[in-house]
Amino acid sequence: MSVVIDGKALAASFRADIAAQVTRLGERYGKTPCLSVIIVGDNPASRSYVRGKIKACREAGIESRLIEFPDTISEEELLSSIARLNADADVDAVLVQLPLPSQIDSNRVIDAISPEKDVDGFHPTNVAALFLGRPCMAPCTPKGIIAMIDSTGSVIDGARATVVGRSNIVGKPVAKLLQDRGATVTVAHSHTRNLAAVCRDADILVVATGHAGLVTADMVKNGAVVIDVGINRTAEGKLVGDVDFAGVSPKAGFISPVPGGVGPMTITMLLANTLECFKNRNEKQNK
Ligand code: GUN
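So the sequence shown is residues -17 to 269, counted in this note's numbering.
Next comes the structure, spelled out in structure tokens:
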């Protein structure tokens, strides 16, 4: 039987440390880190994620400002709002919740955020820096996943890792972070032949596809670390991951649950990145 990776408990310990740092930095600089969050429209899932982000900021002593727009907003209006936040000396970090309505080009929006305030690590400057191994803002979910794997005591260096899913937000960057830590990484996706065998080869299996229950017990190596990034809602309204938790649990060494796994750690890394933006900006000013 595997050990369940308790994302909530791990998140709580990271957040306690972040809150302590916020207090210390507040004493040093006489101000509080500030995250601005833009949400467009009323997608229930996005609203719920944003509520979670704002609540986590409050609990860590980080200031947050929520800017809400109707889904009829024009791209130009949204870009102007981002330009104001980029220029606002009181704002350390800017996040635009995705997805955006179809009249808005998400790439233009991401490109408009100042790389220094790009708390999601989605700006091409940060993505390029990540892939070149230069200092950068790394995206939150991949950072959270690495922290979860580290929490198990498993050694990443030399391990075989399979990442299922090749999105810009999770698959590609987590594969790079695993590679940087010395893993031999395979990125699998919907066109991968014999996905089961590719997954079964992995000491570390990260699944981020958005297909409920895609990974079953026959696809998992005995004792593997399994990280489930999926958040899917069943017809009955239950939240489930991309991994068949009940089937895979007896076989894996460690497994992250949904909910209570990657989700809380993603928000925790958003707090950590906000703090990093704050430190970078203030340390630069003091030089
Ligand atoms: N939508 C789903 N995940 C994310 C995320 O990590 N950041 C933003 N900005 N939007 C998202």
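Backbone N, C-alpha and C fix where the C-beta goes; we use that ideal spot for every residue, glycine too.
Is it right to say residue 150 is buried, meaning 16 or more other beta carbons lie within 10 angstroms of its own, or is it exposed?
-> exposed
Taking residue 78 as the reference, which of 117, 29, 112, 42 has the closest Cα?
-> 29
Excluding the five sequence neighbours on either side, which residues of its own chain have a C-beta within less than 8 Å of the C-beta of residue 97, listed in chain order?
-> 105, 107, 108, 119
For residue 250, is the classification buried or exposed, using 16 other Cβ atoms within 10 angstroms of its Cβ as the cut-off for buried?
-> buried
Is the beta carbon of residue 14 sitting closer than 8 Å to the one on residue 22?
-> no
Hey, could you find the ends of the alpha helix (DSSP H) residue 47 is sitting in?
-> Premise fails: residue 47 lies in the beta strand (DSSP E), 45 to 51, not in any alpha helix (DSSP H).
So, is residue 255 buried or exposed, given that buried needs 16 or more other C-beta atoms within 10 angstroms?
-> buried
Pairwise C-alpha distance: residue 170 and residue 148 = 7 Å
Is residue 102 near the ligand GUN, going by C-beta to nearest heavy atom under 7 Å?
-> yes
Residue from 241, 110, 235 with nearest C-alpha to residue 224 | 241
Output the residue ranges of the beta strand (DSSP E) runs that lie fully inside the segment 127 to 167 and measure 3 residues or longer, sorted by chain position.
-> 142 to 146
Using a threshold of 7 Å, is the CB atom of residue 285 nearer than that to any non-hydrogen atom of the ligand GUN?
-> One cannot answer for residue 285 here, as it falls past the ends of the chain, which runs -17 to 269.
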